[in-house]
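Novice: Here's a structure for you.
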Amino acid sequence: MYNYLLINATPYEIRIALVEHGNLVEFYQERPVEKGLVGNIYQGRVVRVLPGMQAAFVDLGLERTGFLYVDDVRTDNKHFEDRMIKNDCQSCCEDAPDVVHEGFAPQVNIEDLLTEGQAVMVQICKEPLGTKGARLTCNITLPCRNL
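Residue numbers (the numbering used here): 243 to 389.
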């Protein structure tokens, strides 16, 4: 049997259905009125770095700037990994137990990662609320079964 991707688009809603072997597997429905910003990916520019809060404000071209916390900045580039390993080894002591804590990373300062005017790719992870801008992350995800 074949797999079908059925799309029905009207001015008021878009419906998408994935049919595999004659069975409905996935169904998505989107109305433009209900559409939010969560999940959108933007190329932004760092407007301000706040070392005291360990965060940065990023201009996305929306009404308000987004908020990017230091833990949500991607740190997978080679230069940063080398610095982390070097800093981690300097802080080790000989009598420390040989235990590896999964997910442990040395404390990193936001000003070491971002500078004002720097371009950064971000995804909105929380809607803007009241006078506050959107919460951002550099850990971009594309949730999809068929990628």
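For every residue, glycine included, the Cβ atom is placed at its ideal position computed from N, Cα and C.
Nearest to VAL275 by CA position, among LYS374, VAL261 and TYR254, is which residue?
Specialist: If we check each option's Cα against that of VAL275, TYR254 comes out closest.
Novice: Can you tell me where the alpha helix (DSSP H) with LEU247 in it begins and where it stops?
Specialist: Element bounds for LEU247: not the alpha helix (DSSP H) but the beta strand (DSSP E), 245 to 251.
Novice: Would LEU302 and GLY286 qualify as a contact pair, given that the criterion is a beta-carbon distance under 7 Å?
Specialist: Contact flag set, yes.
Novice: Measuring alpha carbon to alpha carbon, tell me which residue in GLU272, THR252 and LEU248 is nearest GLY264.
Specialist: With distances taken between Cα atoms, GLY264 lies closest to LEU248.
Novice: With respect to the alpha helix (DSSP H) encompassing ASP354, which residues constitute its N-terminal and C-terminal limits?
Specialist: It spans 352 to 355 - the alpha helix (DSSP H) in which ASP354 sits, taken as one unbroken run.
Novice: Taking the alpha-carbon of LEU355 as reference, which of ILE382, ALA297 and LEU304 has the nearest alpha-carbon?
Specialist: Of the listed residues, the one whose Cα sits closest to LEU355 is ALA297.
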